[in-house]
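**Q** In the UniProt record's numbering, the protein residues as written are 1 to 190.
What follows is the structure, given as structure tokens:
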């Protein structure tokens, strides 16, 4: 449900409405025109707050990633990766939005910061390792969300949905474990 209108729109309110539209209609149907209609403004009014649709999606991405809890001491990489994945799964097409923003706005993100903090202190290039883990999480979560979307529209079989979810979790954990193992081996060679 669209957050109630409180008078003049600000960036935070617009992002909230965009997230609501994302959840209801998905990324392909999150257009500036639809957002403007939902806000009862002209589409051009949105450009007072955002330079482009990609700028809006970057703000939506930041809001999605803001759901990642602050890392606690001793958080391991698998738990950190799960926290990132869970934040992405909170919103329809969340992984695709974040992936799009990451591709067009390179640099550190909240997700990378959380993943970097969960890496052992002796990793040679923590930024590179955190980026590799994030790219795995984004790719894996995008596949999961695509399957969920297909199932909801009858494009994919739902007969094995519970098995698929168990398999998805196992694949996710295996992927993070393999990345961790590779990092351990790289450290031991130096």
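Note that beta-carbon positions come from the ideal geometry of N, C-alpha and C, so glycine has one too.
Of the residues 17, 39, 174 and 23, which one's Cα is nearest the Cα of residue 89?
**A** When only C-alpha atoms are compared, the closest one is 23.
**Q** How many angstroms separate the CA atom of residue 119 from the CA atom of residue 100?
**A** Looking at the two C-alpha atoms, the distance is approximately 25 Å.
**Q** Within the same chain, show all residues whose beta-carbon is closer than 7 Å to that of residue 54, passing over the 5 residues directly before and after it, in chain order.
**A** These residues qualify, in order along the chain: 104.
**Q** Let me know the secondary structure DSSP gives residue 26 once reduced to three states.
**A** Of the three classes helix, strand and coil, the one that applies to residue 26 here is coil, per DSSP.
**Q** Classify residue 166 as helix, strand or coil using the three-state DSSP reduction.
**A** It is helical.
**Q** Ordered along the chain, which non-local residues of its own chain (more than five positions away) have a Cβ less than 6 Å from that of residue 74?
**A** So the list is empty, once near-sequence residues are dropped.
**Q** Alpha carbon to alpha carbon, how far is residue 49 from residue 10? Give it in angstroms, no decimals.
**A** Their backbone Cα atoms lie some 7 Å apart in a straight line.
**Q** Taking the alpha carbon of residue 135 as the reference point, which residue from 166, 47 and 96 has its own alpha carbon closest?
**A** Out of 166, 47 and 96, 96 has the C-alpha closest to the C-alpha of residue 135.
**Q** Check whether the region 55-73 and the region 15-30 are in contact - that is, three or more C-beta pairs closer than 8 Å.
**A** Judged by Cβ distances under 8 Å, the region 55-73 makes contact with the region 15-30, as three or more pairs qualify.
**Q** Return the chain-ordered list of same chain residues with a C-beta closer than 8 Å to the C-beta of residue 142, the five sequence neighbours on each side being excluded.
**A** Cβ neighbours of residue 142 beyond the five flanking positions: 95, 96 and 99.
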